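First the structure, in the form of C-alpha coordinates, and then the observations on it.
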Amino acid sequence: MGFKVVIVGGSVSGLSLANMLEKFDIEYILLEAHSTIAPQLGASIGLLPSGLRILDQLGCYDKIRALAGDYNYRASMRLFCGKFWADGKPTTFSERLEHRIGYPQIFIDRQTLLQVLYENLKFKDRVLTQKRVTRVDMADGQAKVNTTDGSVYSGDIVVGADGVHSAIREEMWRHATQSNSGLFRPDELSGLQAESKCIFGISKRPSELSSKPLQINAFFKDCNYMILSAPGDRLYWFLFTEMNKTHGKSIPKFTKEDELRLAEQHFADRVTESTTFQDIYENRLHTTLVSLEDHVFPRWHFQRIITIGDAAHKVHPISAQGGNGAMETAAVLVNKEQKA
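Numbering-wise (this note's numbering), the sequence shown opens with residue 20 and increments by one.
Next comes the structure, spelled out in C-alpha coordinates:
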(Lines of atoms letter the chains of each structure in order from A and count residues from 1; the text may use other names and numbers.)
(Lines give C-alpha, C1' and ligand atoms only; values in the text may rest on other atoms or scores of the structure.)
Protein backbone atom coordinates (compact mmCIF):
# COMPACT_ATOMS: atom_id res chain seq x y z
CA MET A 1 0.00 0.00 0.00
CA GLY A 2 1.09 3.57 -0.68
CA PHE A 3 1.67 6.41 1.75
CA LYS A 4 -1.54 7.76 3.32
CA VAL A 5 -2.18 10.99 5.21
CA VAL A 6 -5.02 11.65 7.65
CA ILE A 7 -5.72 15.40 7.73
CA VAL A 8 -7.70 16.66 10.70
CA GLY A 9 -9.37 20.01 10.02
CA GLY A 10 -11.05 21.47 6.95
CA SER A 11 -9.15 24.72 7.48
CA VAL A 12 -7.08 26.79 5.05
CA SER A 13 -4.06 24.66 5.91
CA GLY A 14 -6.02 21.40 5.78
CA LEU A 15 -7.72 22.00 2.43
CA SER A 16 -4.53 23.45 0.94
CA LEU A 17 -2.67 20.33 2.01
CA ALA A 18 -5.36 18.11 0.46
CA ASN A 19 -4.97 19.95 -2.85
CA MET A 20 -1.19 19.58 -2.70
CA LEU A 21 -1.36 15.87 -1.95
CA GLU A 22 -3.60 15.37 -4.97
CA LYS A 23 -0.96 17.04 -7.15
CA PHE A 24 1.46 14.26 -6.18
CA ASP A 25 -1.09 11.41 -6.15
CA ILE A 26 -0.68 10.91 -2.41
CA GLU A 27 -3.67 9.27 -0.74
CA TYR A 28 -5.40 11.20 2.04
CA ILE A 29 -8.59 11.50 4.04
CA LEU A 30 -9.71 14.80 5.58
CA LEU A 31 -11.82 14.86 8.75
CA GLU A 32 -13.80 18.01 9.60
CA ALA A 33 -15.69 18.40 12.88
CA HIS A 34 -18.36 20.80 11.58
CA SER A 35 -21.37 19.76 9.52
CA THR A 36 -20.24 21.81 6.53
CA ILE A 37 -16.82 22.30 5.02
CA ALA A 38 -17.08 26.07 4.60
CA PRO A 39 -19.27 27.64 7.31
CA GLN A 40 -19.87 31.40 7.31
CA LEU A 41 -18.24 32.57 10.53
CA GLY A 42 -18.04 36.24 9.61
CA ALA A 43 -14.31 36.09 9.00
CA SER A 44 -12.31 37.56 6.15
CA ILE A 45 -8.81 36.58 5.12
CA GLY A 46 -5.95 38.58 3.64
CA LEU A 47 -4.08 36.84 0.85
CA LEU A 48 -0.57 38.12 0.20
CA PRO A 49 1.90 37.22 -2.58
CA SER A 50 3.41 34.43 -0.46
CA GLY A 51 0.05 32.68 -0.29
CA LEU A 52 -1.26 33.63 -3.72
CA ARG A 53 1.71 32.07 -5.50
CA ILE A 54 0.84 28.76 -3.82
CA LEU A 55 -2.83 29.11 -4.74
CA ASP A 56 -1.72 29.82 -8.30
CA GLN A 57 0.22 26.54 -8.41
CA LEU A 58 -2.88 24.75 -7.14
CA GLY A 59 -5.02 26.27 -9.90
CA CYS A 60 -7.11 28.47 -7.57
CA TYR A 61 -5.68 31.94 -8.18
CA ASP A 62 -7.78 33.03 -11.18
CA LYS A 63 -10.99 31.95 -9.45
CA ILE A 64 -10.08 33.94 -6.34
CA ARG A 65 -9.23 37.03 -8.40
CA ALA A 66 -12.60 36.85 -10.10
CA LEU A 67 -14.52 36.43 -6.83
CA ALA A 68 -12.61 39.23 -5.09
CA GLY A 69 -13.65 41.91 -7.57
CA ASP A 70 -11.63 45.13 -7.56
CA TYR A 71 -8.85 44.67 -4.99
CA ASN A 72 -6.89 47.84 -5.74
CA TYR A 73 -7.69 49.30 -2.33
CA ARG A 74 -7.06 53.03 -1.91
CA ALA A 75 -5.41 53.54 1.48
CA SER A 76 -6.38 56.12 4.10
CA MET A 77 -5.70 56.60 7.80
CA ARG A 78 -7.03 58.26 10.88
CA LEU A 79 -3.86 59.20 12.78
CA PHE A 80 -3.44 59.21 16.57
CA CYS A 81 -3.56 63.02 16.53
CA GLY A 82 -7.03 62.94 14.97
CA LYS A 83 -6.00 64.07 11.49
CA PHE A 84 -6.95 62.12 8.39
CA TRP A 85 -4.55 61.09 5.62
CA ALA A 86 -5.20 59.63 2.18
CA ASP A 87 -2.70 58.00 -0.17
CA GLY A 88 -2.32 60.33 -3.13
CA LYS A 89 -0.04 58.11 -5.20
CA PRO A 90 -1.30 57.26 -8.70
CA THR A 91 -1.06 53.51 -8.02
CA THR A 92 -2.33 51.55 -5.01
CA PHE A 93 -0.27 49.30 -2.75
CA SER A 94 -1.87 46.24 -4.38
CA GLU A 95 -0.84 47.45 -7.82
CA ARG A 96 2.70 48.15 -6.68
CA LEU A 97 2.92 44.69 -5.07
CA GLU A 98 1.73 43.01 -8.24
CA HIS A 99 4.17 45.01 -10.36
CA ARG A 100 7.17 44.20 -8.16
CA ILE A 101 6.41 40.66 -6.97
CA GLY A 102 3.86 39.28 -9.41
CA TYR A 103 0.89 39.05 -7.04
CA PRO A 104 -1.25 41.67 -5.25
CA GLN A 105 -2.95 41.61 -1.87
CA ILE A 106 -6.52 40.33 -1.91
CA PHE A 107 -9.09 40.21 0.88
CA ILE A 108 -12.01 37.79 0.59
CA ASP A 109 -14.40 35.92 2.87
CA ARG A 110 -12.62 33.05 4.58
CA GLN A 111 -15.66 30.98 3.61
CA THR A 112 -15.02 31.83 -0.06
CA LEU A 113 -11.41 30.68 0.09
CA LEU A 114 -12.41 27.42 1.76
CA GLN A 115 -15.10 26.84 -0.86
CA VAL A 116 -12.65 27.48 -3.71
CA LEU A 117 -10.12 25.06 -2.21
CA TYR A 118 -12.80 22.42 -1.69
CA GLU A 119 -14.27 22.78 -5.19
CA ASN A 120 -10.76 22.44 -6.63
CA LEU A 121 -10.39 18.94 -5.17
CA LYS A 122 -10.68 15.99 -7.52
CA PHE A 123 -11.61 13.49 -4.80
CA LYS A 124 -14.28 15.27 -2.76
CA ASP A 125 -15.41 11.95 -1.31
CA ARG A 126 -12.20 11.98 0.75
CA VAL A 127 -13.49 14.99 2.72
CA LEU A 128 -15.73 13.89 5.59
CA THR A 129 -17.75 16.26 7.79
CA GLN A 130 -19.09 15.75 11.33
CA LYS A 131 -15.93 13.84 12.22
CA ARG A 132 -14.73 15.27 15.53
CA VAL A 133 -11.54 13.57 16.71
CA THR A 134 -11.42 12.09 20.21
CA ARG A 135 -8.14 10.20 20.23
CA VAL A 136 -5.11 9.18 18.19
CA ASP A 137 -3.56 5.75 18.78
CA MET A 138 -0.36 4.23 17.42
CA ALA A 139 -0.58 0.58 16.35
CA ASP A 140 0.70 -1.72 13.61
CA GLY A 141 3.05 0.94 12.25
CA GLN A 142 0.23 3.40 11.68
CA ALA A 143 -1.61 6.25 13.35
CA LYS A 144 -5.26 5.50 14.05
CA VAL A 145 -7.62 8.45 14.42
CA ASN A 146 -10.81 7.89 16.42
CA THR A 147 -13.89 10.10 16.02
CA THR A 148 -16.99 10.69 18.15
CA ASP A 149 -19.17 8.52 15.91
CA GLY A 150 -17.00 5.49 16.60
CA SER A 151 -15.14 5.51 13.29
CA VAL A 152 -11.39 4.86 13.05
CA TYR A 153 -9.21 6.19 10.22
CA SER A 154 -5.67 4.92 9.71
CA GLY A 155 -2.72 6.53 7.98
CA ASP A 156 1.04 6.73 7.92
CA ILE A 157 0.89 10.21 9.45
CA VAL A 158 -1.76 12.41 11.05
CA VAL A 159 -1.65 16.12 10.26
CA GLY A 160 -3.29 18.47 12.76
CA ALA A 161 -4.74 21.32 10.73
CA ASP A 162 -7.39 21.93 13.37
CA GLY A 163 -6.55 25.43 14.51
CA VAL A 164 -5.19 27.15 17.58
CA HIS A 165 -7.19 24.91 19.95
CA SER A 166 -5.91 21.78 18.22
CA ALA A 167 -7.05 18.39 19.51
CA ILE A 168 -4.28 16.75 17.48
CA ARG A 169 -1.65 18.87 19.20
CA GLU A 170 -3.00 17.69 22.55
CA GLU A 171 -2.77 14.07 21.38
CA MET A 172 0.79 14.65 20.20
CA TRP A 173 1.73 15.95 23.65
CA ARG A 174 -0.05 13.02 25.30
CA HIS A 175 1.94 10.45 23.32
CA ALA A 176 5.20 12.28 23.98
CA THR A 177 4.49 12.38 27.73
CA GLN A 178 3.53 8.70 27.90
CA SER A 179 6.76 7.71 26.17
CA ASN A 180 8.84 9.90 28.54
CA SER A 181 10.38 11.65 25.54
CA GLY A 182 11.18 14.85 27.42
CA LEU A 183 10.52 16.79 24.20
CA PHE A 184 7.63 18.86 25.53
CA ARG A 185 7.18 20.77 28.77
CA PRO A 186 4.26 19.78 31.04
CA ASP A 187 2.95 23.34 30.66
CA GLU A 188 3.49 23.59 26.89
CA LEU A 189 0.11 25.27 26.35
CA SER A 190 1.08 28.15 28.65
CA GLY A 191 3.24 29.51 25.84
CA LEU A 192 0.05 30.48 24.04
CA GLN A 193 -0.74 34.04 25.08
CA ALA A 194 -3.26 36.79 24.40
CA GLU A 195 -2.97 40.45 25.33
CA SER A 196 -5.53 41.87 22.92
CA LYS A 197 -9.02 41.10 21.69
CA CYS A 198 -10.86 41.84 18.50
CA ILE A 199 -14.36 42.24 17.17
CA PHE A 200 -14.17 41.17 13.55
CA GLY A 201 -17.07 41.33 11.19
CA ILE A 202 -18.66 41.80 7.82
CA SER A 203 -21.09 44.68 7.29
CA LYS A 204 -23.13 46.24 4.54
CA ARG A 205 -21.33 49.34 3.30
CA PRO A 206 -22.71 52.46 5.03
CA SER A 207 -23.87 55.08 2.53
CA GLU A 208 -21.34 57.56 3.93
CA LEU A 209 -18.42 55.47 2.64
CA SER A 210 -17.24 55.48 -0.95
CA SER A 211 -18.18 52.47 -3.06
CA LYS A 212 -14.66 52.44 -4.53
CA PRO A 213 -12.09 49.94 -3.18
CA LEU A 214 -10.70 51.23 0.11
CA GLN A 215 -8.48 50.23 3.00
CA ILE A 216 -8.82 52.28 6.18
CA ASN A 217 -6.54 52.10 9.20
CA ALA A 218 -7.79 54.20 12.10
CA PHE A 219 -5.70 54.68 15.24
CA PHE A 220 -7.00 55.79 18.63
CA LYS A 221 -5.47 55.91 22.10
CA ASP A 222 -7.14 52.70 23.27
CA CYS A 223 -7.93 50.85 20.04
CA ASN A 224 -7.34 50.65 16.31
CA TYR A 225 -9.33 49.60 13.27
CA MET A 226 -8.73 48.00 9.91
CA ILE A 227 -11.57 48.34 7.39
CA LEU A 228 -11.58 47.07 3.81
CA SER A 229 -13.95 46.93 0.88
CA ALA A 230 -15.53 43.53 0.28
CA PRO A 231 -17.34 42.06 -2.73
CA GLY A 232 -21.09 42.61 -2.80
CA ASP A 233 -21.04 46.21 -1.51
CA ARG A 234 -19.86 45.08 1.91
CA LEU A 235 -17.01 45.79 4.33
CA TYR A 236 -14.57 43.60 6.22
CA TRP A 237 -13.54 45.19 9.47
CA PHE A 238 -11.62 44.64 12.71
CA LEU A 239 -11.71 46.53 16.01
CA PHE A 240 -8.57 45.74 18.04
CA THR A 241 -8.28 46.58 21.75
CA GLU A 242 -5.85 45.61 24.49
CA MET A 243 -6.64 43.42 27.50
CA ASN A 244 -4.71 41.96 30.41
CA LYS A 245 -2.25 39.32 29.21
CA THR A 246 -3.45 35.77 29.77
CA HIS A 247 -1.96 32.38 28.94
CA GLY A 248 -3.11 28.91 27.91
CA LYS A 249 -6.42 27.78 29.35
CA SER A 250 -6.88 31.14 31.10
CA ILE A 251 -7.38 32.97 27.79
CA PRO A 252 -10.98 34.22 27.94
CA LYS A 253 -13.87 33.47 25.62
CA PHE A 254 -16.59 36.05 25.08
CA THR A 255 -20.36 36.24 24.71
CA LYS A 256 -22.49 38.31 22.36
CA GLU A 257 -23.25 40.54 25.35
CA ASP A 258 -19.52 41.15 25.82
CA GLU A 259 -19.25 42.02 22.14
CA LEU A 260 -22.12 44.51 22.19
CA ARG A 261 -20.81 46.15 25.34
CA LEU A 262 -17.37 46.67 23.80
CA ALA A 263 -18.82 47.87 20.50
CA GLU A 264 -21.03 50.47 22.19
CA GLN A 265 -18.01 51.87 24.02
CA HIS A 266 -16.53 52.76 20.62
CA PHE A 267 -19.62 53.87 18.71
CA ALA A 268 -18.41 57.49 18.63
CA ASP A 269 -15.01 56.63 17.13
CA ARG A 270 -14.76 58.51 13.83
CA VAL A 271 -12.91 56.14 11.50
CA THR A 272 -13.23 58.52 8.54
CA GLU A 273 -14.26 62.15 8.37
CA SER A 274 -17.83 61.08 7.56
CA THR A 275 -18.17 57.66 9.23
CA THR A 276 -18.26 56.42 12.83
CA PHE A 277 -17.81 52.87 14.04
CA GLN A 278 -21.50 52.91 14.98
CA ASP A 279 -22.37 53.34 11.29
CA ILE A 280 -20.38 50.21 10.48
CA TYR A 281 -21.51 48.10 13.42
CA GLU A 282 -25.21 48.85 12.94
CA ASN A 283 -24.91 47.61 9.34
CA ARG A 284 -23.38 44.33 10.51
CA LEU A 285 -24.09 40.99 8.84
CA HIS A 286 -21.74 38.77 10.87
CA THR A 287 -19.65 39.64 13.95
CA THR A 288 -17.57 37.84 16.57
CA LEU A 289 -15.50 38.93 19.58
CA VAL A 290 -12.42 36.81 20.22
CA SER A 291 -9.17 36.84 22.17
CA LEU A 292 -6.19 37.16 19.85
CA GLU A 293 -3.83 34.35 20.74
CA ASP A 294 -0.31 34.26 19.38
CA HIS A 295 2.55 31.82 19.79
CA VAL A 296 4.94 29.75 17.73
CA PHE A 297 5.14 26.35 19.41
CA PRO A 298 8.78 25.20 19.56
CA ARG A 299 8.12 21.67 18.26
CA TRP A 300 5.46 20.66 15.75
CA HIS A 301 5.83 16.88 15.48
CA PHE A 302 6.23 13.64 17.39
CA GLN A 303 6.28 10.14 15.95
CA ARG A 304 3.49 9.99 13.34
CA ILE A 305 1.77 13.24 14.35
CA ILE A 306 2.53 16.70 12.96
CA THR A 307 0.80 20.07 13.26
CA ILE A 308 0.58 22.86 10.68
CA GLY A 309 -1.12 26.26 10.41
CA ASP A 310 -2.56 27.83 13.56
CA ALA A 311 -2.07 24.55 15.43
CA ALA A 312 1.68 25.16 15.14
CA HIS A 313 2.14 28.91 14.66
CA LYS A 314 -0.64 31.33 15.62
CA VAL A 315 0.04 34.95 14.69
CA HIS A 316 -1.82 38.21 15.30
CA PRO A 317 -4.30 38.81 12.46
CA ILE A 318 -3.19 42.40 11.91
CA SER A 319 -0.19 40.95 10.05
CA ALA A 320 -2.48 39.10 7.59
CA GLN A 321 0.08 36.29 7.72
CA GLY A 322 -2.02 33.57 9.38
CA GLY A 323 -3.62 32.04 6.30
CA ASN A 324 -0.58 32.63 4.12
CA GLY A 325 1.70 30.98 6.67
CA ALA A 326 -0.74 28.07 6.92
CA MET A 327 -0.46 27.44 3.18
CA GLU A 328 3.31 27.77 3.36
CA THR A 329 3.73 25.15 6.11
CA ALA A 330 1.46 22.79 4.18
CA ALA A 331 3.70 23.30 1.13
CA VAL A 332 6.87 22.69 3.15
CA LEU A 333 5.43 19.45 4.53
CA VAL A 334 4.58 18.12 1.06
CA ASN A 335 7.93 19.20 -0.39
CA LYS A 336 9.78 17.45 2.43
CA GLU A 337 7.71 14.31 2.00
CA GLN A 338 8.55 14.27 -1.72
CA LYS A 339 12.26 14.43 -0.94
CA ALA A 340 12.10 11.72 1.75
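Backbone N, C-alpha and C fix where the C-beta goes; we use that ideal spot for every residue, glycine too. Please read these numbers as outputs of a predicted model, since none were measured by experiment.
Check	Outcome
Just to confirm the assignment: which complete beta strand (DSSP E) runs, minimum length 3, are found wholly within the segment 217–271?	233–238, 242–249 and 253–266
Given a cut-off of 7 Å, decide if I235 and S32 are closer than it, judged by their beta-carbon atoms.	no
When the Cα of V177 is compared with those of T326, G344 and K82, which residue comes out closest?	T326
Tell me, to the nearest whole angstrom, how far the beta carbon of R93 is from that of T111; I am working on the premise that it is less than 8 Å.	6 Å
Please name the residue in R151, D175 and S170 whose C-alpha comes closest to that of D159.	D175
Nearest to K42 by alpha carbon, out of G65, I120, V25 and L140?	L140
Give me, in chain order, the residues of the same chain whose beta-carbon lies closer than 8 Å to that of S200; leave out the 5 immediate sequence neighbours on both sides.	F321
How far does the beta strand (DSSP E) with S140 in it reach, from first residue to last?	Here the sequence assigns Leu to residue 140, which means Ser is not the residue at that position. That residue, L140, is in no beta strand (DSSP E); it is neither H nor E in DSSP.
On the three-state DSSP scale, how would you describe S215?	strand
Please find out if some non-hydrogen atom of the ligand NAP comes closer than 6 Å to the beta-carbon of P58.	Looking for the ligand NAP in the displayed structure turns up nothing, as the structure carries no ligands at all.
So what's A162 in DSSP terms, helix, strand or just coil?	strand
How many Å lie between L37 and R84 at the Cα?	Here residue 37 is Ala; the residue named in the question, Leu, does not match the sequence. For A37 and R84, the distance between alpha carbons rounds to 21 Å.
Please state whether DSSP places S113 in a helix, a strand or coil.	helix
Which residue's Cα is closest to the Cα of A339: P225, Q59, T307 and S63?	S63
Just curious, the beta strand (DSSP E) that H184 is in, first and last residue?	It is not in any beta strand (DSSP E) - H184 carries neither H nor E in the DSSP assignment.
To the nearest angstrom, how far is it from the Cα of D206 to the Cα of K223?	43 Å
By Cβ distance, which residues of its chain are closer than 7 Å to S69, with the 5 residues on each side in sequence left out?	N343 and E347
Quick check on this structure: which residue in A52, T55, Q59 and V25 has the alpha carbon closest to the alpha carbon of H305?	Q59
Excluding five sequence neighbours on each side, which residues of the same chain lie with their C-beta closer than 7 Å to the C-beta of G88?	P250
Measure the beta-carbon distance from Q124 to L67 and round it to whole angstroms, keeping in mind my assumption that it falls under 8 Å.	6 Å
Using three-state DSSP, classify I327 as helix, strand or coil.	coil
Opposite S95 in the DSSP bridges: which residues?	A105 and I235
Looking only at its own chain, which residues have a Cβ that is under 8 Å from the Cβ of L86, when we skip the five neighbours before and after it?	I127, T131, V135 and P250
Throw me the rounded Cβ distance for the T148 and H53 pair, which I believe falls under 8 Å.	6 Å
Expressed to the nearest angstrom, what Euclidean distance is found between the alpha-carbon atoms of G29 and F203?	26 Å
How far does the alpha helix (DSSP H) with R84 in it extend, from its first residue to its last?	Y80 to A87
Express the C-alpha separation of L279 and T153 in angstroms, rounding to a whole number.	34 Å
Can you give me the start and stop residues for the alpha helix (DSSP H) that K275 sits inside?	K275 to Q284
What does a CB cutoff of less than 7 Å around E117 pick up in its chain, not counting 5 residues either side in sequence?	P123
Going by DSSP in three states, Y300 sits in which element: helix, strand or coil?	helix
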